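Chemist:
2 protein chains.
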Amino acid sequence: MSGKTEASSGAAENKDYQRLVELLAEVTALRQSGGLLFWDQQTYMPKAGARARGNHLAVLSKVAHEKFTAPEIGRLLERLRDWEETLPYDSDEASTVRVARREYEKATRLPPDLVVRHSRARTRAHEAWIEARQKNDYKVFRPALGEMVDIMREVADALGYEDHPLDALLDQQEPGMKTADMEGLFGELRQGLVPLVKAIAEKADAVDDSFLHQPFDRETQMEVCREAAAAVGFDLETRGRIDLSVHPFTIGFSRNDVRFTVRIDEGFFNAGFFASLHEAGHGTYMQGLPERFEQSILHEGASSGLHESQSRLWENIVGRSRAFWQFYYPRLQKRFPEQLGKVSREDFYRAVNKVEPSFIRVEADEVTYNLHIMVRFELEKAVFDRELGLDDLPGAWNEKFRNYLGITPPDDLRGCIQDIHWTFGFGGGFAGYTIGNVASVQLYEKALEEHPGLEEEFAQGEFSNLLRWMNENVHAHGAKFGPQELLERVTGRPLDAGPYLAYIKRKFSDIYGL
Amino acid sequence: MSGKTEASSGAAENKDYQRLVELLAEVTALRQSGGLLFWDQQTYMPKAGARARGNHLAVLSKVAHEKFTAPEIGRLLERLRDWEETLPYDSDEASTVRVARREYEKATRLPPDLVVRHSRARTRAHEAWIEARQKNDYKVFRPALGEMVDIMREVADALGYEDHPLDALLDQQEPGMKTADMEGLFGELRQGLVPLVKAIAEKADAVDDSFLHQPFDRETQMEVCREAAAAVGFDLETRGRIDLSVHPFTIGFSRNDVRFTVRIDEGFFNAGFFASLHEAGHGTYMQGLPERFEQSILHEGASSGLHESQSRLWENIVGRSRAFWQFYYPRLQKRFPEQLGKVSREDFYRAVNKVEPSFIRVEADEVTYNLHIMVRFELEKAVFDRELGLDDLPGAWNEKFRNYLGITPPDDLRGCIQDIHWTFGFGGGFAGYTIGNVASVQLYEKALEEHPGLEEEFAQGEFSNLLRWMNENVHAHGAKFGPQELLERVTGRPLDAGPYLAYIKRKFSDIYGL
């Protein structure tokens, strides 16, 4: 009899564990309900419903927090310590208790007063950010950002950390990931990417993507988005849907109800199509979570970064590959004969991979994207280390852009007030994007070892072996493991920039003839 | 200084009242959140999401119940008794305490065990009902219905009543309404309607509605539904929306986010159009609730029946009037020139008012509709009085149909298993439909006294005086008063079949030349 089976049969008899699972299921249900309210707010809610929706979301999150931090959960977790140690680390039961304990400790370490002040600071920061954007002036945002930074220092202190306050914040998104890990990662990326960006900039004209910037009918684009998402394995039939919203996002209320949104730009093909593949990637992660986790605290991805690894995998490694367009380009040409009838497949492939240093992160290409994240990470750390004052933030931002990307943002809108993230918090909120990019290649190459024919399959429109590999190796674990743990288990090593840099260099040296 | 103002300024100082309002706002938010989950389930939810959605709804309703029946609410209500008596009965404060106490007492009188058994019985009844419908056989539903009847007897006993167990059940839908009231009402209706139905049946051929049964394009029908709902004053711009679902319904998550659904029948004009006016009527009630009630327990209609008075008002009294079609028929003809180009306005008016005894309640016309309800009410009462055994229900149903409508249902599907209501409970669940029909005329005639030119206004497409009157006299009170109380306040008398019967006789004697 395996340890797993023993543990499972023990679980049925452990009343404390059963009760814990029952209580956590309520918390999960409240959170997933809040998720639907958010989805509706972004898609179908009549405008005037906003105020009541804000109240509803606040109540759901308050009640979920109350339920999750209830003393009974604390007592159960204490009583389960001994039992947990008899179980295999990766069993459902041990993982449930472990993850619940980690989250419970975080949630109960934050004094309610701080949670309330954080929430108020978010509201103020959001308002100030909106106004700052309207006026294209960082100074309008500066006071609210100062308040946010102070609160995030308090949050970090309350959560606790060993080495650096950012560790505490980073751990909320990427359990187990350290600031030092991120610094090592960015160090390698800086070394590999900055010279590559320079080399490509000298050959900027080698790739022409002007035909992507022409009118593409909205309805047809939407059909193409649906077709491509379904082709790579996002279940749109009975377990998912796609809608429109201003900012694309993916959300799931269970593995059997996963929805994403896209934004269609009638003058630019990439905006809708690659958002669809990106969000479909997140969607496959959620749809791939095990059925038995449905009401469990494990019914989540490993981290923001691991989630992003799946979206970047399908958006970039698959969606911007020659093999993918071998399959899909003839279909796309049939949909847009006027726009693409005379564009060769190779020219199209090159165009969707055009590299161009730019100011706006969400529009960045595969090569420059991580430099955008690096700028934010380094600035956050400098602020936390009190090496950079907030008054000097725009100047520091622009200087880093010059150094890494060779361009200078002409104003704050195209500089340090472009992202919404600093209205939620400050510190660690961007790391997941780079972790995702790096992990996507690390995971893909492992999949490729086991299925060397993947690219030939893509060229035939066959993606199920790759998806199944991700299902079995990544999605199947839900939130059992942190990102480093999961990568080590699956690829034999923690997050490693090597495969990513090699992939980027190989791909873009080819495209740009370096 | 008025009593109202004194009370209001007192409220700000009464800490117990403030706390009660705060706790009730959480309950309201949880219920309204559940409402959105239900709406989504009926409109956009991917099919496979059903199981998780069921869990989410169960948790939300459990948590709302826990919060509402919390001992703290009981203590606050006790402590507020003396204060409440110093306040004007109709003040917001006294009404909030009064309605909260009434609902709290009901909610706490039901033993948790009974609530759970009722909920399970619903699930079983629903499954049995579905199967019974598939097999067109009441006997399949019979055992589950028996269980439901037993449970509803227990519910009635737990809630308590003075005269008849049905009073307790009726009071849940129609606060303050008694079984004896309903019997009196149906007595008058029976006397007035049964002979009228017979007289009309003899002139059945006087009205031809065959042109309503031809193909009407789905999209155009939907546009017409939207246009008509907006014309009568349902705010679709920023505070509402219309979607499609299998069964039309209206739901609000606040007065500023009210949604209804319609079902379009491509072969029959009435199904979509009058559902839209009907649901728009419910919608105007919700949108007409006072802003200051938004998070309050008063943010509801007075009762199911009063709600129905608003839907029937716009569907029938307005929507099936000559004046309405004077305004709208030319517009409709433009939308459907092939179908209606050669049909005169008068013929159209007569067609949408065709009276025809039929088996299915939801398809019944204005004259026969209440007879459908009467059948159900009388059967429920006979079962509660142990005068009718459940084995004999189909026979009794069919006999009543013969007596009142002159037709005999050919099978159970077109007989006693057509409605879903007995899967939720048994007793009092249909009364609101008839209360609504009767109250709609009573209210309308009062409005007409104050605005004698209403019909001329309808003919011009002007509905705002009627809507404003309903806003001020009905909607403005939210859930402060029960249906009888509200009708007395507004019209000077309780529910009264007289105006309704006079309206029906006048209208249909004219149409059928009686």
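Chains as they are written, first to last, in the working numbering: chain A, 301 to 814; chain B, 301 to 814.
Virtual Cβ for every residue (Gly too), placed ideally from N, Cα, C.
All of these numbers come straight from a predicted model, not from anything done at the bench.
1. Note down, in chain order, every chain A residue with its Cβ under 8 Å from the Cβ of proline 371 (chain B).
2. Does any residue of chain B have a CB that is nearer than 8 Å to the CB of lysine 294 (chain A)?
3. Let me know if arginine 793 (chain B) comes out buried or exposed under the rule of 16 or more other beta-carbons within 10 Å of its beta-carbon.
4. Pull up the distance between the alpha-carbon of glutamate 462 (chain B) and that of alanine 468 (chain B), whole angstroms please.
5. Isoleucine 617 (chain A): which of A:Met477, A:Ala504, A:Leu743 sits nearest, CA to CA?
6. Determine, for glutamate 326 (chain A), whether the minimum Cβ-Cβ distance to residues of chain B falls below 8 Å.
7. Does any CB atom of chain B fall closer than 8 Å to the CB of threonine 408 (chain A)?
8. Find the nearest neighbour of phenylalanine 763 (chain A) within the set A:Ser361, A:Leu613, A:Val741, judged by alpha-carbon distance.
9. Measure the alpha-carbon distance for histidine 874 (chain A) versus proline 657 (chain A) and round it to whole angstroms.
10. By the 9 Å beta-carbon criterion, what residues does the region 351-365 of chain A contribute toward chain D?
11. I'd like the list of long-range same chain contacts for leucine 320 (chain B), defined as Cβ closer than 8 Å, with 5 residues on each side in sequence excluded.
12. Helix, strand or coil: which one does DSSP assign to valine 683 (chain A)?
13. Taking a Cβ distance cut-off of 7 Å, strictly less, list which residues of the region 548-561 of chain B are near chain A, in chain order.
14. Could you spell out where the alpha helix (DSSP H) holding isoleucine 804 (chain B) opens and where it closes?
15. Taking only three categories from DSSP, how would you classify aspartate 481 (chain B)?
16. With DSSP collapsed to three states, give me the class of serine 302 (chain B).
17. Please list, in chain order, all residues of the same chain as phenylalanine 724 (chain A) whose beta carbon is under 7 Å from its beta carbon, the five residues on each side excluded.
18. Using DSSP's beta-bridge definition, name the partner residues of threonine 550 (chain B).
19. If you measure from the beta carbon of leucine 336 (chain B) to each beta carbon in chain A, is any gap under 8 Å?
20. Could you tell me the distance, in whole angstroms, from the CA atom of lysine 498 (chain B) to the CA atom of leucine 705 (chain B)?
21. For isoleucine 804 (chain A), count neighbouring Cβ atoms within 10 angstroms of its own Cβ and tell me buried if that reaches 16, exposed if not.
22. Between alanine 580 (chain A) and valine 532 (chain A), is the Cβ-Cβ spacing less than 8 Å?
23. Starting from leucine 544 (chain B), trace the beta strand (DSSP E) in both directions and tell me its first and last residue.
24. Going by beta-carbon coordinates alone, are isoleucine 542 (chain A) and phenylalanine 560 (chain A) separated by less than 8 Å?
25. Can you confirm whether glutamate 678 (chain A), when its beta carbon is compared against all beta carbons of chain B, has any partner nearer than 8 Å?
26. Determine, using beta carbons only, whether arginine 429 (chain A) and isoleucine 720 (chain A) come nearer to each other than 8 Å.
27. Using a cut-off of 7 Å between C-beta atoms, extract the partners of alanine 329 (chain A) located in chain B.
28. Are any of the Cβ atoms in chain A nearer than 8 Å to that of glutamine 595 (chain B)?
29. What does arginine 541 (chain A) touch in chain B if you count any residue whose Cβ is under 8 Å from its own?
30. Give me the chain B residues within the contact set of aspartate 340 (chain A), using Cβ-Cβ distance strictly less than 8 Å, ordered along the chain.
31. Within 8 Å (strictly less), CB to CB, does threonine 538 (chain A) reach chain B?
32. Within the same chain, show all residues whose beta-carbon is closer than 7 Å to that of alanine 802 (chain B), passing over the 5 residues directly before and after it, in chain order.
33. Can you find a C-beta in chain B that's less than 8 Å from the C-beta of glutamine 318 (chain A)?
34. Would you call the CB atoms of glutamate 608 (chain B) and tyrosine 733 (chain B) closer than 8 Å?
35. If the cut is a Cβ gap below 7 Å, which residues of chain B does serine 333 (chain A) touch?
Modeler: This is what the structure holds:
1. Taking the first residue of the second sequence as 1, we reach residue 371 (chain B) at position 71. For proline 371 (chain B), no chain A residue has a Cβ inside 8 Å of its Cβ, as the nearest lies near 16 Å away.
2. Residue 294 (chain A) is absent from the model: chain A starts at 301 and stops at 814.
3. The residue labelled residue 793 (chain B) in the question sits at position 493 within the second sequence. Exposed is the label assigned to arginine 793 (chain B), since fewer than 16 other Cβ atoms lie within 10 Å of its Cβ.
4. Translated into positions along the second sequence, residue 462 (chain B) becomes position 162. Translated into positions along the second sequence, residue 468 (chain B) becomes position 168. Their backbone Cα atoms lie some 9 Å apart in a straight line.
5. Locating residue 617 (chain A) in the first sequence gives position 317, where the first residue counts as 1. Closest option to isoleucine 617 (chain A), Cα to Cα, is A:Leu743.
6. Locating residue 326 (chain A) in the first sequence gives position 26, where the first residue counts as 1. It does: the Cβ of glutamate 326 (chain A) has a partner Cβ on chain B nearer than 8 Å.
7. Counting from one through the first sequence, the residue named residue 408 (chain A) turns up at place 108. No - not a single Cβ of chain B is within 8 Å of the one on threonine 408 (chain A).
8. Along the first sequence, read from residue 1 onward, the residue named residue 763 (chain A) stands at position 463. With distances taken between Cα atoms, phenylalanine 763 (chain A) lies closest to A:Leu613.
9. For chain A, the structure presents residues 301 to 814; residue 874 (chain A) sits outside this window and is missing.
10. Judged by its chain identifiers, the structure shown contains no chain D, and its protein chains are A and B.
11. As a first step, residue 320 (chain B) is located in the second sequence; it is residue number 20 there, counting from the start. Cβ within range, chain order: Ile373, Leu376, Leu377, Leu380, Thr396, Val397, Ala400.
12. Translated into positions along the first sequence, residue 683 (chain A) becomes position 383. Three-state result, valine 683 (chain A): helix.
13. Within the region 548-561 of chain B, contact with chain A at the beta-carbon level (separation under 7 Å) is assigned to Phe553, Ser554, Asn556, Asp557.
14. Working through the second sequence from its first residue, we reach residue 804 (chain B) at position 504. Start and end: 797-812.
15. If you number the second sequence from 1, residue 481 (chain B) lands on position 181. Correct three-state label for aspartate 481 (chain B): helix.
16. As a working mapping, residue 302 (chain B) is identified with position 2 in the second sequence. At serine 302 (chain B), the pLDDT of 39 sits below 50, so the modelled position is not reliable and the matter cannot be decided from this model.
17. Position 424 of the first sequence, counting from 1, holds the residue named residue 724 (chain A). Within the same chain, phenylalanine 724 (chain A) has close Cβ partners Arg422.
18. Numbered from 1 along the second sequence, position 250 holds the residue referred to as residue 550 (chain B). In DSSP, threonine 550 (chain B) forms a bridge with B:Phe560.
19. As a working mapping, residue 336 (chain B) is identified with position 36 in the second sequence. Chain A, which has a Cβ nearer than 8 Å to the Cβ of leucine 336 (chain B), makes this yes.
20. Against the second sequence, residue 498 (chain B) aligns to sequence position 198. Against the second sequence, residue 705 (chain B) aligns to sequence position 405. Distance between the alpha carbons of lysine 498 (chain B) and leucine 705 (chain B) is about 8 Å.
21. Start at 1 with the first residue of the first sequence, and residue 804 (chain A) comes out as number 504. So isoleucine 804 (chain A) counts as buried.
22. Here residue 580 (chain A) corresponds to residue number 280 of the first sequence, with the count starting at 1. Here residue 532 (chain A) corresponds to residue number 232 of the first sequence, with the count starting at 1. It is a contact, given that the beta carbons lie within the stated cut-off.
23. Here residue 544 (chain B) refers to the residue found at position 244 of the second sequence. Counting along the chain, the beta strand (DSSP E) containing leucine 544 (chain B) begins and ends at 540-544.
24. Numbered from 1 along the first sequence, position 242 holds the residue referred to as residue 542 (chain A). Numbered from 1 along the first sequence, position 260 holds the residue referred to as residue 560 (chain A). Yes; because the gap between Cβ atoms is below 8 Å, this pair is in contact.
25. Position 378 of the first sequence, counted from the first residue, corresponds to residue 678 (chain A). Judged by the 8 Å Cβ criterion, glutamate 678 (chain A) is not in contact with chain B.
26. Here residue 429 (chain A) refers to the residue found at position 129 when the first sequence is read from its first residue. Here residue 720 (chain A) refers to the residue found at position 420 when the first sequence is read from its first residue. Residue identity differs from the one stated: residue 429 (chain A) is tryptophan in this sequence, not arginine. Using a Cβ distance threshold of 8 Å, tryptophan 429 (chain A) and isoleucine 720 (chain A) count as a contacting pair.
27. As a working mapping, residue 329 (chain A) is identified with position 29 in the first sequence. Those are Asn355, His356, Val359, listed as they occur along chain B.
28. The sequence position of residue 595 (chain B) within the second sequence is 295, counting from 1. Judged by the 8 Å Cβ criterion, glutamine 595 (chain B) is in contact with chain A.
29. Position 241 of the first sequence holds residue 541 (chain A). Near arginine 541 (chain A) (Cβ distances below 8 Å), the residues of chain B are Tyr344, Pro346.
30. In the first sequence, counting from the first residue as 1, residue 340 (chain A) sits at position 40. Within 8 Å Cβ-Cβ: Leu336, Asp340.
31. Within the first sequence, numbered from 1, the residue matching residue 538 (chain A) stands at position 238. Closer than 8 Å: yes.
32. Numbered from its first residue, the second sequence carries residue 802 (chain B) at position 502. Contacts found: none.
33. Position 18 of the first sequence, counted from the start, is the residue given in the question as residue 318 (chain A). So, not an interface residue.
34. The residue labelled residue 608 (chain B) in the question sits at position 308 within the second sequence. The residue labelled residue 733 (chain B) in the question sits at position 433 within the second sequence. Going by C-beta atoms, glutamate 608 (chain B) is nearer than 8 Å to tyrosine 733 (chain B).
35. Sequence index remark: in the first sequence, residue 333 (chain A) carries index 33 (1-based). Per Cβ cutoff of 7 Å: Ser333, Leu337, His356, Leu360.
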